[in-house]
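Protein chains in written order, with our numbering: chain Z, 9 to 209; chain R, 9 to 209. Backbone N, C-alpha and C define an ideal beta-carbon position, used for all residues, glycine too.
Number of protein chains: 2
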Amino acid sequence: MKCSSLLIVVSGPSGTGKGTVIKALRKISPNIAVLPSVTTRSPRKGEKEGYSYYFSTREEFRNMIERDEFVEWVEYCDNYYGTPRKQLEDSLKSGSDTVLEKEVKGAIKIKEQYPDCVSIFLLPPNFEELKRRIEGRGTEEVSIIEKRLNIALEEMSYINKYDYVIINNCIKSTVKAISCITKAEKLKTGRNLDILKGIVL
Amino acid sequence: MKCSSLLIVVSGPSGTGKGTVIKALRKISPNIAVLPSVTTRSPRKGEKEGYSYYFSTREEFRNMIERDEFVEWVEYCDNYYGTPRKQLEDSLKSGSDTVLEKEVKGAIKIKEQYPDCVSIFLLPPNFEELKRRIEGRGTEEVSIIEKRLNIALEEMSYINKYDYVIINNCIKSTVKAISCITKAEKLKTGRNLDILKGIVL
């Protein structure tokens with residue numbers, strides 16, 4: 009049975025490993041499409057334009073807002089992040105399961121507009137580990153790290169708005185869990201009613 | 009994360025392979041509990057008391073009905089089938105994921121009483137294959153086969169009452185799909201709210 013393509017939103021506070029998980033997911037599922045966000049933040053080492061993010065100036069970003077070219081956009085730690093509407097629609101129409109990496113506010117806005125999307129909250133094993141991960145990245149100043157930790161704590165309170173929650177203890181088992189969620193979601197009766205109507209209903 | 013045990017109802021028309029699928033599921037998941045139904049039908053070759061079914065006389069079955077000892081019971085092809093309440097509750101309390109093999113009417117009654125249960129409808133690859141399977145069993149009279157085929161067609165119309173639907177093309181992939189569904193269901197935020205409250209909410 010082949011239901012229409014899924015929109016999968018992988019989310020969670022900064023430092024829970026969203027990026028690493030999605031990178032591993034790309035490797036085992038080459039057919040999924042990962043749609044980068046547009047951002048005004050500076051590229052970190054190794055980040056590639058059009059793969060990690062679409063990097064943009066603040067002016068370009070504001071023009072895109074005015075032209076209503078985002079499904080959602082947020083300001084987060086003094087930078088803008090947005091989901092480009094056309095690219096998302098094109099990806100879903102092409103039949104690919106499409107993955108978005110979203111911080112919490114963005115993910116909640118996506119869920120409001122795409123209620124059929126599958127939203128997954130990644131939890132760090134514990135708060136100490138989260139702190140270690142944010143600090144360990146070594147790419148941000150101390151004041152930004154503090155800010156991210158406080159936001160992370162607040163963001164956790166939105167967990168009950170998500171469909172699924174995974175404690176990201178181990179990349180391999182997290183990726184396996186996401187694959188299982190994807191497979192199970194595709195077997196949901198509600199997602200297959202159009203096809204089933206032709207066969208049995 | 010460890011949410012409470014799941015009740016999984018594997019259902020579908022006669023001849024879709026429920027029994028074979030559950031047998032294979034027991035092998036790869038020795039920790040699940042498969043709760044047999046009580047039935048008044050005669051044991052088929054190889055069926056074991058307390059494993060395949062609890063076999064009962066019509067009189068014993070009627071006494072159990074009077075004592076309200078069934079979660080649900082149905083009359084199907086001139087035989088009674090019922091789910092024993094105490095055994096089901098005991099199994100769930102023990103912490104085991106518990107699997108029920110149910111025909112369609114029974115499954116729908118279970119879902120009404122246990123809305124959190126995971127209900128799975130097995131579809132045959134096509135109607136010809138279903139016919140072949142029911143005939144091929146070689147354990148029933150022609151009139152019973154006819155009756156089962158007609159019931160099967162009617163039962164398919166209840167598919168939209170189920171959470172998941174699997175086309176049972178291949179036992180191995182069906183069992184894998186059920187394992188994935190179980191894993192995904194355990195990651196649902198709604199099933200983990202009590203635990204999450206202690207950690208982050």
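Terminal residues of the alpha helix (DSSP H) in which residue i lies
i: Leu157 (chain Z); result: 150 to 163
i: Glu211 (chain Z); result: Summary: the structure shown does not reach residue 211 (chain Z), with chain Z confined to residues 9 through 209, and so no result is reported for it.
i: Asn71 (chain Z); result: 66 to 74
i: Ser99 (chain Z); result: 93 to 101
Contact set for residue i: own chain, Cβ-Cβ below 8 Å, skip 5 residues either direction
i: Val126 (chain Z); result: Leu14, Leu15, Ile16, Val17, Asp171, Tyr172, Ile189, Thr190, Glu193
i: Ile186 (chain Z); result: Ile16, Val18, Val29, Leu33, Ile128, Ile174
i: Ile179 (chain Z); result: Gly25, Thr28, Val29, Ala32
i: Ser104 (chain R); result: Ser13, Asn39, Ile40, Ala41
i: Lys155 (chain Z); result: Cys85
i: Thr106 (chain Z); result: Ser13, Leu14, Leu15, Ile16, Ile40, Ala41, Val42, Leu43, Leu96, Ser99, Leu100
Contact with chain Z by residue i, beta-carbon distance below 9 Å
i: Asp124 (chain R); result: no
i: Asp105 (chain R); result: no
i: Val173 (chain R); result: yes
i: Ile167 (chain R); result: yes
i: Tyr170 (chain R); result: yes
i: Cys85 (chain R); result: no
Residue i versus the options, residue with shortest Cα-Cα distance
i: Thr197 (chain R); options: Z:Arg199, Z:Lys205, Z:Asn168; result: Z:Asn168
i: Lys94 (chain R); options: R:Arg140, R:Pro44, R:Phe129; result: R:Pro44
i: Asp76 (chain R); options: R:Pro92, R:Gly25, R:Leu100, R:Ser64; result: R:Pro92
i: Ser181 (chain R); options: R:Leu33, R:Ser22, R:Val46; result: R:Leu33
i: Lys26 (chain R); options: R:Glu111, R:Thr106, R:Tyr61; result: R:Glu111
i: Trp81 (chain R); options: R:Gly144, R:Lys113, R:Arg141, R:Gly20; result: R:Lys113
i: Ile40 (chain Z); options: Z:Leu100, Z:Lys205, Z:Ala185, Z:Cys85; result: Z:Leu100
i: Tyr61 (chain Z); options: Z:Lys31, Z:Lys205, Z:Asp202; result: Z:Lys31
i: Pro51 (chain Z); options: Z:Arg70, Z:Pro123, Z:Tyr89; result: Z:Tyr89
i: Glu143 (chain Z); options: Z:Gly103, Z:Thr24, Z:Gly20, Z:Leu201; result: Z:Thr24
i: Pro21 (chain R); options: R:Lys205, R:Tyr166, R:Thr106; result: R:Tyr166
i: Glu137 (chain Z); options: Z:Ile118, Z:Tyr122, Z:Pro123, Z:Leu157; result: Z:Leu157
i: Glu177 (chain Z); options: Z:Pro133, Z:Leu201, Z:Glu163, Z:Val150; result: Checking the displayed sequence, the identity of residue 177 (chain Z) turns out to be Asn instead of Glu. When only C-alpha atoms are compared, the closest one is Z:Pro133.
i: Ile36 (chain R); options: R:Leu195, R:Val183, R:Arg199, R:Leu204; result: R:Val183
i: Met164 (chain R); options: R:Leu131, R:Thr47, R:Thr106, R:Ile153; result: R:Leu131
i: Glu83 (chain Z); options: Z:Glu74, Z:Phe69, Z:Leu96; result: Z:Phe69
i: Arg66 (chain R); options: R:Pro38, R:Arg49, R:Leu96; result: R:Arg49
i: Arg199 (chain R); options: R:Lys155, R:Ala160, R:Glu149, R:Asp124; result: R:Asp124
i: Ser12 (chain Z); options: Z:Gln121, Z:Arg140, Z:Glu97, Z:Glu162; result: Z:Glu97
i: Ile152 (chain Z); options: Z:Cys85, Z:Pro38, Z:Gly103, Z:Ile73; result: Z:Cys85
i: Phe78 (chain R); options: R:Ser102, R:Lys53, R:Tyr59, R:Gln121; result: R:Gln121
For residue i, three-class secondary structure by DSSP
i: Ser60 (chain Z); result: coil
i: Tyr122 (chain R); result: coil
i: Glu143 (chain Z); result: helix
i: Thr48 (chain R); result: coil
i: Asn87 (chain Z); result: strand
i: Glu8 (chain Z); result: This structure gives no information on residue 8 (chain Z), because the portion of chain Z shown stretches from 9 to 209.
i: Ile128 (chain Z); result: strand
N-terminal and C-terminal residue of the beta strand (DSSP E) that residue i is part of
i: Lys110 (chain R); result: 106 to 110
i: Thr28 (chain R); result: Element bounds for Thr28 (chain R): not the beta strand (DSSP E) but the alpha helix (DSSP H), 26 to 36.
i: Leu14 (chain R); result: No beta strand (DSSP E) holds Leu14 (chain R); DSSP gives it neither H nor E.
i: Tyr172 (chain Z); result: 172 to 175
Residue i: contacting residues in chain A (beta-carbon distance under 9 Å)
i: Ala185 (chain Z); result: Absence of chain A from the displayed structure is noted, the protein chains being Z and R.
Same chain, Cβ closer than 6 Å to residue i, neighbours up to 5 away in sequence not counted
i: Leu108 (chain Z); result: Val17, Leu43
i: Lys117 (chain Z); result: Glu80
i: Val46 (chain R); result: Tyr62, Ser64, Gly90, Pro92
i: Ser149 (chain Z); result: Contrary to the premise, residue 149 (chain Z) reads as Glu rather than Ser in this sequence. Excluding residues within five positions, none has a Cβ falling inside 6 Å.
Short CB-CB distance (under 9 Å) between residue i and chain R
i: Phe129 (chain Z); result: yes
i: Asn200 (chain Z); result: yes
i: Cys178 (chain Z); result: no
i: Leu204 (chain Z); result: yes
Same chain, Cβ closer than 7 Å to residue i, five either side skipped, listed in chain order
i: Ala160 (chain Z); result: Pro21, Ser22, Gly23, Leu138
i: Glu55 (chain Z); result: Tyr61
i: Asn87 (chain R); result: Thr47, Thr48, Arg49
i: Ile73 (chain Z); result: Trp81
i: Glu57 (chain R); result: Phe63
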